[in-house]
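Remarks on the structure that follows.
Numbering (my numbering), first residue to last: 709 to 1774.
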């Protein structure tokens, strides 16, 4: 080993370069062999070892340069099978190769497209498959270049998917469409392959069938990931967009789901795929995207590639690890040593050669061991990947079981609540049943009492019969007289007949008849006592009656016979009564059974009624909950507008905000009333639903318009308005959330939203533009006053111009007189045009008032349209002020104390003021009104006259100003250069002055806008204290605005400028 250290440096320097070059040649050679063996014209599937070497080559060189350098030289147009296997290998390289392969393939898109188009035009079975396969590859390259978050293998976590989708719903929508297109290309390829193959299972064992089926392994891997990602994205879309919008997406997904499920099923049945890939099974039906909880039931399909068996052929060395020379270079090394140290002494090798050879053998042995270790590591990696996939599938299953357990737990809770409600209902039914039993027992007791009473009556009747027999015996013993005995006999017969009739009557009538018979028997007993007394008295005359005894004995025997007959009749009556009693008992039993049956039916009816009542309550609450959910979405959308940057350009007026806030306050009152009614009667939620719907829309409208109004308001009021709108939205969402739960429904307080709405209403009223400090009752008189003042100012201006013209004729002559006359004549024409315009505007104003006031007075019309009236007053003041300023400027020009520019500016100002007056008059006028047409014509005339004033002023200025001819005689070159520099300095000074004046003009106009906006913005002054309106004078009114603004240096207005709107129209 020490002898190696003495090798010269030049030899050591030449070895590595030669080794790298040889390694590169060996790599190119190996890649060329692998590509030629993998992509050939044999109708057999691509061997996995050749494809793996090509993939390892891309990782070795960190790209696909070598692959494409050999691939473009293949005769792909000559063989469809060659092109098909090329697409297969390219698909595998894209999926499992180095990430830079994607960018290298992008450079050869045109080659891929040309191959597909070529075979697409030819009627070849493989050619059609090549055409479809190239479209899939182009779609795959485009998708992964556009979305670099997704590797070509399409294996990412859910977190990466969420990050790639982002929060913009448009991006999620577009990403879903692109994945649908991706999936369509994959499924179209699989359908085309199956269409060309026979459906028999044995086809997959033939080399021709396997050649077509081999690329479907990559298709299955891609489709499993794409299916999982589209399910995730579809659930995310349904959580952000309404279901109707996504109907097309759902239809497309369902179609792809059934195609993919059919594809997986057919591939699972083929023997070829069973030993190469484990295909997942999809559920029977597609996920229900309309139910958010269905996401928990989704299981990610996991594709497992079984562990590959080691191949018989030893793999070639693709990557050179050691820095020593390869085994095939001993001759080169020997030449280097011979050149360095000279030829060896004889044929004997020294120690250094032996050490070098030993080291070479050791390197070779280590290289073979390293290859074995690599193969072993690859097998272990494949096993670990399979275990990871299995564990991921088991984890997904556990997650599904967990979600299912949660759902079952919720269902059990719901069932427990229902059982508790049923238990309470059962206890109430038990109470009702006990009450019915008590009533039945009371009825049975009354029946028993009636039965005992009936038995008592029967016993009383028998006792009476016994007494009747005793009475007969007593009559026999006492031997009454024949007349009395006959009378008694007749009475007894009558009583027996009466008893017989009573026995045939109903049970209720027998009691009364028996009582009557008892009373009669008692009376007869008294009579018998009296008869006994009479018999005792007649015993003394017994001797007299002895003769009658024989006759009485015969009568007695006859009477005894009759009594026995009556007794037999009585027994028959008693048997009939017992039969009646048995029939009555049977009737009572039947009535009892019918009563029990009716009570059972009544209980069933009551239970059904209670069930229907509970169902009605549940349906009413479900309707209320659905309304509350929709109201929550509306309010959330409105609150979201507060932070939406696209909403910054939306504006609104404080007046409309006040009207919306007032309507929302009314809706809160209606909501409180509906809530109270629903708590009183849970069976009718229509009032609360209607009030909640109206409240949600009005509250959302108020929040949105509050945000829009804040965009034009000053900073502090705008911030307070935004905060109040947020508070209102939060309280409204809290209220809607309480209305969705039955337990929180009683604690809901709709009145809490009223405070926030009142705050919005108050801020809106503060932001409303304040009127002129004039009472509304004085507006009508003020309009007439201002119009009259404007007409008077114009008449005064015309008279002053005529006076100035007369003075100019006496004071000046020549060119100046001509200039002055031309300027004053144009000013006179302008004043006349303005006077005609004011007169026409007054006529149009009267027409507007007459047509719009209806039954109201003119003052009431002006008070009702106060904003329009204020704009009209402002325009009138502006016209009067402009006329006065024009006359004063013309006077100064004629007297040579003013500037022509002042006259030009006044002309522009008065044209703008008249335009404002026309606009104010035009707002409420009928577009077909003749006065409006004349007013527009007068406006055009005023503009023409103002232009004439400007033209006359400019031409007069040019005539009057002295234009001296410059004399350059006597000036040397130095003096000319000096005057040129002085002139440049003067020009720069004037430009600087012009720039400063323009900035000053911008600041003046900004301050003017601020002063004008102070009238319309909330201030500290009390609006209830009006002040007298300023008269038309030399001061310009604050509401008169210029029609155009010169561009500022900063090209922007501040917030207060942006918040001002011209108060010309209402």
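For glycine and all other residues, C-beta sits at the position ideal for the given N, C-alpha and C. Please read all numbers here as calculations on a predicted model, not as lab measurements.
Residue i burial status per 10 Å Cβ neighbour count (16 or more: buried)
i            : result
residue 1010 : buried
residue 858  : buried
residue 1019 : Only weak support is given to the placement of residue 1019: the predicted model assigns it a pLDDT of 46, under 50, and the value that follows is read from those uncertain coordinates. Exposed, since its Cβ has fewer than 16 Cβ neighbours within 10 Å.
residue 1536 : buried
residue 1462 : buried
residue 981  : buried
residue 1578 : buried
residue 971  : buried
residue 1294 : exposed
residue 710  : Annotation note: pLDDT 38 at residue 710 (below 50); position unreliable, coordinate value reported separately. Burial call: exposed.
residue 1646 : buried
residue 789  : buried
residue 733  : exposed
residue 749  : exposed
residue 889  : exposed
residue 1559 : exposed
residue 1509 : buried
residue 804  : buried
residue 953  : exposed
residue 936  : buried
residue 1176 : buried
Those residues which DSSP pairs with residue i across a bridge
i           : result
residue 986 : 1012
Integer Cβ distance of residue i from residue j, believed to fall under 8 angstroms
i            : j            : result
residue 1664 : residue 1527 : 4 angstroms
residue 847  : residue 823  : That belief does not hold up - the Cβ atoms of residue 847 and residue 823 are roughly 15 angstroms apart, past 8 angstroms.
residue 1776 : residue 814  : Outside the modelled stretch of the chain, which goes from 709 to 1774, sits residue 1776, for which no answer is possible.
residue 795  : residue 838  : 6 angstroms
residue 1108 : residue 992  : Rounded, the Cβ-Cβ distance is 15 angstroms, inconsistent with contact.
residue 1498 : residue 1584 : 5 angstroms
residue 1660 : residue 1549 : The pair is not a contact, with the Cβ atoms about 26 angstroms apart (cut-off 8 angstroms).
residue 1407 : residue 1343 : 6 angstroms
residue 793  : residue 747  : 5 angstroms
residue 994  : residue 965  : 4 angstroms
residue 1226 : residue 1173 : At roughly 12 angstroms, the Cβ-Cβ gap does not stay under 8 angstroms, so residue 1226 and residue 1173 are not in contact.
residue 1631 : residue 1587 : Their Cβ separation, rounded to whole angstroms, is 17 angstroms, which puts residue 1631 and residue 1587 out of contact at 8 angstroms.
residue 810  : residue 860  : 6 angstroms
residue 1541 : residue 1410 : About 48 angstroms; that fails the 8 angstroms criterion.
residue 998  : residue 946  : 7 angstroms
residue 1441 : residue 1313 : With 8 angstroms as the limit, residue 1441 and residue 1313 do not qualify as a contact, their Cβ atoms being about 44 angstroms apart.
Proximity test, residue i beta-carbon vs the ligand COA heavy atom, cut-off 8 angstroms
i            : result
residue 1653 : As presented, the structure is devoid of all ligands, the ligand COA included, so that no description of it is given.
Per the contact definition of three or more C-beta pairs closer than 8 angstroms, is the stretch 1596-1608 in contact with the stretch 1638-1645?
-> no
Kindly confirm or deny that the stretch 1693-1706 and the stretch 1651-1671 touch, where touching means at least three C-beta pairs closer than 8 angstroms.
-> no
Would you call the stretch 1299-1308 and the stretch 1403-1416 touching, i.e. three or more CB-CB distances under 8 angstroms?
-> no
When the Cβ atoms of the stretch 1587-1600 are set against those of the stretch 1609-1628, are three or more pairs found closer than 8 angstroms?
-> yes
Along the chain, which unbroken stretches of the alpha helix (DSSP H) at least 4 residues long are found entirely within the stretch 791-824?
-> With a minimum length of 4 residues, the continuous alpha helix (DSSP H) runs that stay inside the stretch 791-824 are 809-814.
Sufficient close CB pairs (3 or more, under 8 angstroms) joining the stretch 1387-1402 to the stretch 1327-1337 | yes
Counting only runs of 3+ residues fully inside the stretch 892-927, write out the beta strand (DSSP E) ranges in chain order.
-> Taking 3 residues as the minimum length, the stretch 892-927 contains no beta strand (DSSP E) run wholly inside it.
Please confirm if the stretch 1373-1386 is in contact with the stretch 1449-1463, defined as three or more CB-CB distances below 8 angstroms between the two stretches.
-> yes
Are the stretch 851-868 and the stretch 802-814 touching by the rule of at least three beta carbon pairs closer than 8 angstroms?
-> yes
Segment contact flag, the stretch 1278-1298 with the stretch 1103-1117, C-beta cutoff 8 angstroms, min 3 pairs | no
Counting Cβ pairs closer than 8 angstroms, one from the stretch 952-969 and one from the stretch 879-889, do we hit at least three?
-> Of all C-beta pairs linking the stretch 952-969 to the stretch 879-889, three or more are shorter than 8 angstroms, placing the two stretches in contact.
Completely contained beta strand (DSSP E) runs for the stretch 1401-1474, where each covers 3 or more residues = none
Hey, is the stretch 1396-1410 in contact with the stretch 1364-1373, meaning 3+ C-beta pairs nearer than 8 angstroms?
-> Yes: the two stretches touch, three or more of their Cβ pairs being nearer than 8 angstroms.
Segments assigned alpha helix (DSSP H), at least 4 residues, entirely inside the stretch 1590-1631 | You should have 1608-1630.
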